[in-house]
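Colleague:
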Amino acid sequence: MKKKRMKLLWKFMVSYIVVLLLPLTVILFYYYPYSTSIVKQKEMDWNEHVTEQVANSMDIFMKSVYTLPASIVDNREIKFSLIGADDYQRLVVTNEMKKYNSLDALFYNTFLYVKKNGYLFSRTGFSYELKEFMNPKSGFVYADWSPEQFARDLDRLDSIQVRPTEDVTIVGEGRVKMITILLPLPLGNSREGSVLFMIKHDTLARLMKSVSNAYTGDFIILDQNDNPIFTLSERDDLRSAGFKQFMSRLQSGKSGVYSYDGTSYIASQTVSQQNGWKYVSINPLKQALQQTKETQRNTFVLVGIILLIEIMVISVSIRKNYNPIKALVHLSKSVFGGVEEKRGNELDIIHSALRNLSDENYKLDESVKRSVPKVRDTLLSELLSGQYASLEQFAQEANAYGLRFGYPKCSVAVLASEGDAEAILSELKRREPSIASGIDGYFIKGIHHEDIVFVSTHRPDVSLECALRELKEEIASRVGTKLCIGIGNEADGPEGFHVSYMNALRAVEHLRIKNDTSIVSFDSLTERRNESVPYPSEAIHSLELFILTNDVPEVRRTVAHLIEFLRQDRTPPFMIRAVYWNLSHILAGSLHRLKHQEGIERLSATTFQDRFSVGEMTALLKESTELLCGLMTNATASAKAATLDDVLHYIEENEYAPTFSLQTVAERYGMSVSNFSHYFKKTAGQNFKEYVDGRRIQKSKQLLIQTRLPLEQVAGQTGYANTSSFIRAFKKSVGVTPGQFREINR
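Quick look at the structure:
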């Protein structure tokens with residue numbers, strides 16, 4: 001019996017050991033290597049996915065780099081031929097560049113360089129002379145880019161130029177890592193200027209880290225010529241021969257394991273179809289698999305311990321009849337009943353890793369969903385700017401973002417409000433699907449903070465004006481804000497969106513300047529203004545003369561006539577502003593002459609306000625006119641008007657000064673040059689220049705006869721800028737040169 005028991009014991013022992021070793025053998029010799037391969041492949045796939053996401057995000061942001069120069073060239077307000085020495089044109093360019101301040105947040109700043117006058121205009125509203133752009137006190141100082149080389153690069157620029165990450169010292173910010181992109185303006189063979197983009201290194205780093213917070217590798221961006229532009233970890237071996245050889249072995253669109261400098265890396269490369277840039281991510285293989293290797297080592301130790309324990313347990317349990325079953329139950333409870341994940345087997349660890357991967361994927365999906373509205377608005381803005389030749393071309397990109405235009409007529413409307421524009425925009429977007437039957441339309445932010453743009457297509461028989469009127473009433477009752485709405489003209493294709501948008505802006509500007517909260521279409525405005533409105537230049541010139549001659553009744557009558565002109569419905573907004581600006585300038589100059597600083601400040605504070613209604617303009621003009629008329633009435637006769645004796649006395653005191661001119665005298669008495677010239681000829685009986693030249697020639701005759709001063713000093717003492725102009729004026733008046741005159745009268 002004992003022998004049988006021994007045989008049975010060994011039989012059970014061998015069977016238990018075989019059953020135990022079989023799964024352990026599978027785990028040790030098959031599962032561990034296979035799990036490493038799986039994790040490695042997952043890391044490679046994730047590396048490739050992250051690289052593609054970064055490349056796609058960069059392509060979306062970089063698209064504005066290539067479209068902005070053409071948009072600037074197409075901007076009708078920017079006239080390169082007039083920028084030269086015209087301060088007003090520079091102001092126009094500065095204001096126009098502000099409109100591009102709504103570009104995406106990738107760019108730190110954008111500059112328009114105009115070669116003709118050597119100015120750089122930023123989208124933040126500043127302008128720099130070329131020589132002051134790299135001034136340490138006011139501009140940007142590049143560590144490796146001298147001002148002279150900067151100027152030469154801008155003048156010779158004929159294609160895109162990208163400067164990799166470098167140190168730039170900025171006033172108020174200190175030293176910043178910056179990437180600089182330069183593009184010439186697309187004006188054929190003419191080099192009128194260029195556009196300069198600045199991108200902070202930290203901005204790109206945040207963009208790439210936002211794709212995956214768990215990513216620990218390095219991102220590298222190369223241009224189309226394999227020149228390094230950006231590296232996330234700021235490594236300094238990008239230009240070494242070994243690294244270039246390493247980069248040449250990478251395959252586009254496919255992850256792989258590559259060796260560099262004795263280290264294996266998981267590397268992925270994606271080439272942009274837009275500009276040929278290469279986006280590369282590299283992650284050390286050892287670091288990527290570190291957690292898996294540690295788990296394997298710990299598991300080997302744990303398996304050895306388990307194997308030893310199992311042998312001991314099997315040996316004892318077989319000898320103890322019931323003890324083996326009891327021991328197995330106890331072992332099952334102790335091992336599998338609520339063990340923490342980190343102490344489980346490798347399956348638990350893989351399950352945990354997959355769960356974490358799923359969580360990260362969910363976060364990535366949420367991030368992409370949050371970016372959809374921004375991309376949608378960008379696509380609609382590009383449609384407004386005329387970048388799409390057909391709705392089919394637009395649909396290829398827009399369908400993925402829920403944009404659909406299914407009707408033949410294209411129209412744009414602009415809605416303006418003084419209320420909470422964000423709340424109104426949210427409410428309008430909520431109502432997009434239910435605006436009206438036969439209309440497909442979407443709301444986006446306009447150029448101005450309070451403007452909302454409605455881009456739509458509709459059937460020919462559907463009235464967009466009626467639909468927007470109903471929507472306007474609903475918004476007024478829901479939000480409590482009244483809107484003024486301007487509707488552009490209808491177009492038969494997407495190329496007409498831009499014109500319709502500009503006309504909608506004109507229509508809403510008409511309402512805004514009239515302080516009207518109704519709805520109007522551009523076509524109805526065109527019907528009202530079927531004839532041109534002449535500029536009241538004669539009335540403005542007359543007002544200057546009436547102020548100079550102290551004619552208070554005529555001043556009041558002329559201002560009242562001009563105010564009535566401003567109130568006319570057919571007067572266009574641009575002419576209203578021009579007339580108001582001229583009247584403000586005349587009244588401010590007169591108040592300055594009468595030394596009333598408070599009235600000048602009130603006029604000056606409103607001159608360049610964009611949101612100033614006709615009612616506010618006329619009220620301020622009436623107030624300033626009454627103030628001026630009161631000052632003119634209360635002043636003494638000598639202070640009321642400039643008499644001829646005053647003018648002649650002022651000329652006698654200043655006529656020999658080098659800076660003396662018709663303009664200085666006109667400014668002295670608060671008149672324009674043309675009006676003062678007319679006034680002087682009318683009161684003095686001769687032309688201003690003839691009068692002054694006659695007195696200067698008479699003075700020079702005395703000096704030539706009574707002194708031996710050289711001609712240079714005679715010319716200087718009689719008010720001439722140089723000897724040549726003095727000789728020409730003297731000969732024209734006397735008939736001989738100054739030297740001949742001195743010889744004759746010696």
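Residue numbers (the UniProt record's numbering): 1 to 746. Beta carbons: idealized from backbone N, C-alpha and C, even for Gly.
What does C629 pair with, by DSSP beta-bridge criteria?
Modeller: Against the sequence shown, residue 629 aligns to sequence position 629. Answer is none; C629 lacks a bridge partner.
Colleague: Give me the residue from M632, L627, K689 and C629 with the minimum Cα distance to E655.
Modeller: If you number the sequence shown from 1, residue 655 lands on position 655. Closest by alpha carbon: K689.
Colleague: If you follow the alpha helix (DSSP H) that E470 is in, where does it begin and where does it stop?
Modeller: As a working mapping, residue 470 is identified with position 470 in the sequence shown. Residues L464 to V479.
Colleague: Beta carbon of K445, beta carbon of L425: below 8 Å?
Modeller: The residue you call residue 445 lines up with position 445 of the sequence shown. The residue you call residue 425 lines up with position 425 of the sequence shown. Yes, the Cβ-Cβ distance between K445 and L425 is below 8 Å.
Colleague: Exposed or buried, which one is D202 when buried takes at least 16 other CB atoms within 10 Å?
Modeller: Translated into the one-based positions of the sequence shown, residue 202 becomes position 202. A residue is called buried when at least 16 other Cβ atoms come within 10 angstroms of its Cβ; D202 does not meet this threshold and is exposed.
Colleague: Residue ranges of each beta strand (DSSP E) run of no fewer than 3 residues wholly in the stretch 93-146, ordered along the chain?
Modeller: 109-114, 119-122, 127-129 and 140-142
Colleague: Looking at the structure shown, is T718 part of a helix, part of a strand, or coil, going by DSSP?
Modeller: Looking up residue 718 in the sequence shown gives position 718. In the structure shown, T718 sits in coil (DSSP, three-state: anything other than H, G, I, E or B).
Colleague: May I have the straight-line CA-CA distance separating A721 from L548, to the nearest angstrom?
Modeller: Here residue 721 corresponds to residue number 721 of the sequence shown, with the count starting at 1. Here residue 548 corresponds to residue number 548 of the sequence shown, with the count starting at 1. A721 and L548: Cα-Cα distance of roughly 31 Å.
Colleague: Could you give the first and the last residue of the continuous alpha helix (DSSP H) run that contains H458?
Modeller: In the sequence shown, counting from the first residue as 1, residue 458 sits at position 458. Counting along the chain, H458 falls outside any alpha helix (DSSP H), though it belongs to the beta strand (DSSP E) covering D451 to H458.
Colleague: Whole angstroms is fine: what's the gap from D223's alpha carbon to H49's?
Modeller: As a position in the sequence shown, residue 223 is number 223, starting the count at 1. As a position in the sequence shown, residue 49 is number 49, starting the count at 1. Near 20 Å, if we compare the C-alpha coordinates of H49 and D223.
Colleague: Leaving out five residues on either side along the sequence, give the residues of the same chain with a beta carbon under 7 Å from the beta carbon of A467.
Modeller: Here residue 467 is taken as the residue at index 467 of the sequence shown, counted from 1. Excluding sequence neighbours, A467 sits near I435, A436 and I439.
Colleague: How is residue 753 classed by DSSP in three states: helix, strand or coil?
Modeller: In the structure displayed, the chain extends from 1 to 746; residue 753 sits before or after that span and is not available.
Colleague: Return the CA-CA distance between F680 and N687, expressed in angstroms with no decimal places.
Modeller: Here the question's residue 680 lines up with position 680 in the sequence shown. Here the question's residue 687 lines up with position 687 in the sequence shown. Their Cα atoms are separated by approximately 7 Å.
Colleague: Can you grab the Cα-Cα spacing for the pair R175 / A143, in whole Å?
Modeller: As a first step, residue 175 must be located in the sequence shown, where it is residue number 175. As a first step, residue 143 must be located in the sequence shown, where it is residue number 143. Here the C-alpha atom of R175 lies approximately 9 Å from the C-alpha atom of A143.
Colleague: Go ahead and pull the three-state DSSP assignment for K701.
Modeller: In the sequence shown, residue 701 corresponds to position 701, counting from 1. K701 falls in the helix class under three-state DSSP.
Colleague: Alpha carbon to alpha carbon, how far is K244 from S212? Give it in angstroms, no decimals.
Modeller: Mapped onto the sequence shown, residue 212 falls at position 212. Mapped onto the sequence shown, residue 244 falls at position 244. For S212 and K244, the distance between alpha carbons rounds to 27 Å.
Colleague: Mind listing, in chain order, the continuous beta strand (DSSP E) runs of no fewer than 3 residues lying wholly within the stretch 207-231?
Modeller: Contiguous beta strand (DSSP E) elements confined to the stretch 207-231 occur at 218-222 and 228-231, taking only those with 3 or more residues.
Colleague: In whole angstroms, give me the CA-to-CA distance for N503 and I181.
Modeller: Translated into the one-based positions of the sequence shown, residue 503 becomes position 503. Translated into the one-based positions of the sequence shown, residue 181 becomes position 181. Computed Cα separation, rounded: 34 Å.
Colleague: Closer than 8 Å by C-beta to F726: which residues in its own chain qualify, once you throw out the five before and the five after it? Chain order, please.
Modeller: Taking the sequence shown and counting its residues from 1, one reaches residue 726 at position 726. Same-chain partners within the cutoff: S700, L711, V714, A715, T718, Y720 and P738.
Colleague: Counting pairs of Cβ atoms below 8 Å between the stretch 444-459 and the stretch 404-418, do you hit three or more?
Modeller: yes
Colleague: Cutting at 8 Å between CB atoms, please list the residues of its own chain near V734, excluding the five before and the five after it.
Modeller: What you label residue 734 is simply residue 734 of the sequence shown in a count that begins at 1. Only I697, K701 and F741 meet the Cβ criterion.
Colleague: Taking a contact to mean a Cβ-Cβ separation below 8 Å, would you say G193 touches L183 in this structure?
Modeller: Position 193 of the sequence shown, counting from 1, holds the residue named residue 193. Position 183 of the sequence shown, counting from 1, holds the residue named residue 183. Their beta carbons are not under 8 Å apart, which means G193 does not touch L183 by this criterion.
Colleague: With which residues is P184 paired in a DSSP beta bridge?
Modeller: As a first step, residue 184 must be located in the sequence shown, where it is residue number 184. According to DSSP, which records beta bridges pairwise, P184 is partnered with S194.
Colleague: Three-state secondary structure (DSSP) at N515?
Modeller: On the sequence shown, residue 515 is found 515 positions in, with the first residue counted as 1. Coil.
Colleague: Is the Cβ-Cβ distance between L379 and V453 less than 8 Å?
Modeller: The residue labelled residue 379 in the question sits at position 379 within the sequence shown. The residue labelled residue 453 in the question sits at position 453 within the sequence shown. Contact: no.
Colleague: Out of Y580, Y113 and M178, which has the shortest C-alpha to C-alpha gap to L154?
Modeller: Along the sequence shown, read from residue 1 onward, the residue named residue 154 stands at position 154. Of the candidates Y580, Y113 and M178, the one whose C-alpha sits nearest the C-alpha of L154 is Y113.
Colleague: DSSP puts P536 in a beta bridge; with which residues?
Modeller: Residue numbering aside, residue 536 sits at position 536 when the sequence shown is read from its first letter. Answer by DSSP bridge pairing: none, since P536 is not bridged.
Colleague: Which same chain residues end up closer than 7 Å to F546 when comparing Cβ atoms and leaving out the 5 residues on each side of it in sequence?
Modeller: Taking the sequence shown and counting its residues from 1, the one referred to as residue 546 is at position 546. Once the five neighbours on either side are set aside, the close Cβ partners of F546 are E554, V555 and T558.
Colleague: Within 10 Å of its beta-carbon, does G217 have 16 or more other beta-carbons around it, so buried, or fewer, so exposed?
Modeller: Here residue 217 corresponds to residue number 217 of the sequence shown, with the count starting at 1. G217 should be labelled buried.
Colleague: Helix, strand or coil for G338 per DSSP?
Modeller: Against the sequence shown, residue 338 aligns to sequence position 338. Confidence at G338 is low in this model, with a pLDDT of 43, below 50, so its placement is unreliable and no value can be given for it.
Colleague: Which word fits N582, buried or exposed, when buried means at least 16 other C-beta atoms lie within 10 angstroms of its C-beta?
Modeller: Your numbering for residue 582 matches position 582 in the sequence shown. So N582 ends up on the buried side.
Colleague: Please report the residue range of the alpha helix (DSSP H) in which V579 lies.
Modeller: What you label residue 579 is simply residue 579 of the sequence shown in a count that begins at 1. V579 -> alpha helix (DSSP H) spans P573 to R593.
Colleague: Distance check for Y128 and D451, CA to CA, integer angstroms please.
Modeller: In the sequence shown, residue 451 corresponds to position 451, counting from 1. In the sequence shown, residue 128 corresponds to position 128, counting from 1. Approximately 30 Å between the Cα atoms of the pair.
Colleague: Would you kindly check if the distance between the Cβ of L505 and the Cβ of G486 is under 8 Å?
Modeller: Numbered from its first residue, the sequence shown carries residue 486 at position 486. Numbered from its first residue, the sequence shown carries residue 505 at position 505. Cβ atoms of G486 and L505: closer than 8 Å.
Colleague: Tell me the DSSP bridge mates of S252?
Modeller: Counting from 1 along the sequence shown, the entry for residue 252 is found at position 252. According to DSSP, residue pairing for S252 in a beta bridge involves Q269.
Colleague: Could you tell me the distance, in whole angstroms, from the CA atom of Q149 to the CA atom of K731?
Modeller: Numbered from its first residue, the sequence shown carries residue 149 at position 149. Numbered from its first residue, the sequence shown carries residue 731 at position 731. Going by the C-alpha atoms only, they are around 51 Å apart.
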